[in-house]
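**Student:** Counting with our numbering, you get residues -17 to 299 for the letters of the sequence shown.
The structure follows.
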Amino acid sequence: KIPMGGVVARAKAGDDLGGEEQVKSLVLTCKSRFTKTQFAGAAGIYNLLCTSSEEDRNSYFDETVVTAICPLTTSKSFEVSDLAYRILVELSKISSCQKGFLLESDWEIIMASLQKDSVGAKEFALEILFNICRLDNVGPKILETRNVSILVDISYQSNTENRPHSVHFATRALQLILAACHGRPFPHASVDNLLSPVLRILHSTTTTVVHKALAAELLARICEDPTHHHLVVHALSGTALPRIMPLMSLSNYEVSRHVAAAIARLSSSPELAQPLLRAHAPAALATLFRRGSPDLLAHALEALTALASTPEGRDAV
């Protein structure tokens, strides 16, 4: 438990109050203009979160608590802002509170946290978004052009930094985008912003295998929609396409599977038929036959069948 600052805490949240009344009292305390009082209120809420059962959490806490705590993340006091983030991570796991993060003012505070230099603020904001990303209204908000750009930039930038938190940030940001697009189409404008960083992650020699697999899965998801194919064709121009072909031969199954799926979906695009042949796609796809995986075999056959539909492609196949 966190010490609550003596007199203020006892006056504002006596143990004689019931849970719901105690939360209401603590929320008022958090709205004080005095840092010590804010900390006392936040500490009381955090202690109550830690000691309440799951049933009591759903009963005591709601979106009004989220709205009271979010502004405290901008406090000049590190103790207050750090505690506020920890509370928000816990609140984001409670179904009765989750809708509070969708209020415009609260949502903006979380998105602004992703852009702070503070490692802690970024980490807490990513966890909060990950906890609520399955909500019906959250996915479309995450997939908005600006928000997708923020997340994919975090993923790419973290990949270039050699710091302990970097791998977690890099993978978590892509996991968020993938979770947000589950069962819904990608907005066209967001795809345009995503492709370049995703390909840079795939081309990078310093990317972890897990990070590469997530980027490959994102590319495969984008390629599912034929309306995005002309954007993908443009992004894969020049050396970009030949550089992703060897990824199908990687020993990591997830990377191979998602890259093969992307190639299979793109192979039916007339604009990519020639570039795929120039990039020696048939030879790369043929290596998948030896892997013994039904998924990889299915992707290879789908792509080779599409490529063989032209005389030039038939010769290569």
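We treat Cβ as the ideally placed atom computed from N, Cα and C, and that holds for glycine.
With DSSP collapsed to three states, give me the class of Ala155.
**Tutor:** Looking at Ala155 - three-state DSSP - the assignment turns out to be helix.
**Student:** Using alpha carbons as the reference points, say which of Tyr235, Leu289, Gly274, Val191 lies closest to Ala265.
**Tutor:** If we check each option's Cα against that of Ala265, Leu289 comes out closest.
**Student:** Here's the rule I'm using: 16 or more other beta-carbon atoms within 10 Å means buried, otherwise exposed. How should Lys58 be labelled?
**Tutor:** The residue in question, Lys58, is exposed, as its Cβ has fewer than 16 Cβ neighbours within 10 Å.
**Student:** So, with DSSP's three-state summary, where would you put Gly23?
**Tutor:** Looking at Gly23 - three-state DSSP - the assignment turns out to be helix.
**Student:** Are the beta-carbon atoms of His170 and His216 separated by less than 9 Å?
**Tutor:** No.
**Student:** Nearest-angstrom Cα distance between Ala195 and Pro224?
**Tutor:** Near 18 Å, if we compare the C-alpha coordinates of Pro224 and Ala195.
**Student:** Would you mind stating whether Ala161 and Ser137 have Cβ atoms separated by less than 9 Å?
**Tutor:** No.
**Student:** Label Phe16 either buried or exposed according to how many other C-beta atoms from any shown protein chain fall within 10 Å of its C-beta, with 16 as the threshold for buried.
**Tutor:** It is exposed - the Cβ of Phe16 has fewer than 16 other Cβ atoms within 10 Å.
**Student:** Going by alpha carbons, who is nearest to His212 out of Glu86, Ala197, Ser250, Pro228?
**Tutor:** Of the candidates Glu86, Ala197, Ser250, Pro228, the one whose C-alpha sits nearest the C-alpha of His212 is Ser250.
**Student:** Quick one: what does DSSP say Asp174 is sitting in, helix, strand or coil?
**Tutor:** Asp174: helix per DSSP, three-state reduction.
**Student:** Which value, in whole angstroms, describes the spacing of the CA atoms of Ser63 and Glu126?
**Tutor:** Their backbone Cα atoms lie some 27 Å apart in a straight line.
**Student:** If you run the structure through DSSP and keep just helix, strand and coil, what is Phe60?
**Tutor:** Three-state result, Phe60: helix.
**Student:** Would Leu279 pass as a contact of Leu270 if the rule is Cβ separation under 9 Å?
**Tutor:** A contact, by the Cβ cut-off of 9 Å.
**Student:** Let me know the secondary structure DSSP gives Asn40 once reduced to three states.
**Tutor:** Of the three classes helix, strand and coil, the one that applies to Asn40 here is helix, per DSSP.
**Student:** Which first and last residues belong to the alpha helix (DSSP H) in which Asn113 is found?
**Tutor:** Run containing Asn113: 101 to 114, per the alpha helix (DSSP H) assignment.
**Student:** Of all the options Thr19, Gln20, Leu30, Phe21, which has the alpha carbon lying nearest to the alpha carbon of Glu3?
**Tutor:** The shortest Cα separation from Glu3 among Thr19, Gln20, Leu30, Phe21 belongs to Leu30.
**Student:** Expressed to the nearest angstrom, what Euclidean distance is found between the alpha-carbon atoms of Thr49 and Lys98?
**Tutor:** Spanning the two alpha carbons is a distance of roughly 20 Å.
**Student:** Is any heavy atom of the ligand MN found at a distance shorter than 8 Å from the C-beta of Leu201?
**Tutor:** Inclusion of the ligand MN in the displayed structure is not the case, the ligand content being empty and no account of it being possible.
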